[in-house]
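Mind the numbering: the sequence shown is residues 266 to 427 in my numbering, read in order. The beta carbon of each residue, even a glycine, is placed where N, CA and C say it ideally should be. In this text the structure is predicted, and so the values were computed from the model without any measurement. Have a look at the structure below before the remarks.
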Amino acid sequence: MDDHRAQVAELLADYRRSREQLVSVQRELAAVSGQASSPDGVVTATVGSGGKLTGLELSELAYRRHRPEQLAELIVRTVAAAAAGAAEETYQALSAVLPTATDPEALVAGTADLRPDEYVVDDDTETIDLGHQPVRRRADDDEDNEQRESWLDSELINRRVR
């Protein structure tokens with residue numbers, strides 16, 4: 266009988282340790298965040314756990330240096346970079362408690378136990394992966410123009426001319 270009590274006591278102790286570890290990981294995951302700034306420093310994005318945008322800062326220069334569509338693309342790229350940083354933090358927190366052979370990225374994506382043919386998205390479905398989003402460049406992008414005027418200035422000039 267004492268043998269069974271010892272086994273039960275050991276199982277309960279293991280359960281309590283596992284639960285404490287789970288609570289710790291849950292707190293780490295809740296505190297995950299990522300921050301990124303654009304290369305020119307005019308956009309700064311902060312995301313929380315799950316890649317949710319929690320902060321966006323635009324300097325006053327953002328409107329002078331970039332046309333609206335360029336600024337929008339820069340914001341999307343910066344948010345994606347912040348989300349990728351947060352995702353990496355998530356993977357690190359999870360890898361501490363997962364079995365060695367388990368890929369934390371696949372686990373978060375929900376594909377850990379699936380074969381590729383079971384989770385490949387149909388080509389007709391549009392998906393967005395904030396951590397790895399490709400950026401579309403405009404053909405008429407004039408970033409190399411040294412004397413580029415602000416889109417805001419050109420709008421004001423056009424209004425005065427009328």
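Quick one: measure Cβ to Cβ for Leu336 and Ala327, integer angstroms, because I've assumed they're closer than 8 Å.
About 6 Å; that satisfies the 8 Å criterion.
Based on Cα-Cα distance, which residue from Asp382, Ala352, Ile340 and Arg284 lies nearest to Ala374?
Cα-wise, what sits closest to Ala374 is Ala352.
Going by CA-CA distance only, name the one from Ala271, Pro369 and Pro304 that's closest to Thr343.
The residue with the shortest Cα to Cα distance from Thr343 is Pro304.
What first and last residue would you give for the beta strand (DSSP E) that runs through Gly299?
It spans Gly299 to Ser302 - the beta strand (DSSP E) in which Gly299 sits, taken as one unbroken run.
With DSSP as the reference, identify every bridge partner of Gly306, one or two as the case may be.
For Gly306, which the question treats as bridged, DSSP gives no partner whatsoever.
Any contact between the region 280 to 293 and the region 356 to 372? By contact I mean 3 or more CB pairs, one from each, below 8 Å.
Contact holds: three or more Cβ-Cβ distances are below 8 Å.
For Gly299, tell me which candidate among Ala349, Asp382, Ala366 and Val308 has the shortest Cα-Cα distance.
Of the candidates Ala349, Asp382, Ala366 and Val308, the one whose C-alpha sits nearest the C-alpha of Gly299 is Ala349.
Can you name, in chain order, every residue of its own chain whose Cβ lies under 7 Å from the Cβ of Val307, other than the five neighbours on each side?
Leu323, Ser324, Leu326, Ala327 and Arg330.
Verify whether the separation of the beta carbon atoms of Ser428 and Ala295 is less than 8 Å.
Outside the shown range of the chain, which is 266 to 427, sits residue 428, and nothing can be said about it.
Identify every run of the beta strand (DSSP E) within the region 289 to 370, keeping only runs that are complete inside it and at least 3 residues long; order them along the chain.
Counting whole runs of 3 or more residues, the region 289 to 370 contains the beta strand (DSSP E) stretches 299 to 302, 308 to 312 and 318 to 323.
Starting from Asp382, trace the alpha helix (DSSP H) both ways and give me its first and last residue.
Element bounds for Asp382: Pro381 to Tyr384.
DSSP three-state label for Ala271, please.
Ala271: helix per DSSP, three-state reduction.
Within this structure, are the beta carbons of Thr365 and Ala377 separated by less than 8 Å?
No, the Cβ-Cβ distance between Thr365 and Ala377 is not below 8 Å.
Which term fits Val297, buried or exposed, when burial requires 16 or more other beta carbons within 10 angstroms of its beta carbon?
So Val297 ends up on the buried side.
Considering only residues of the same chain and omitting the five flanking positions on each side of Ala319, which have a CB-CB separation below 8 Å?
The question names Ala, but residue 319 in the sequence shown is Thr. Here the set comprises Ser298, Thr311, Val312 and Gly313.
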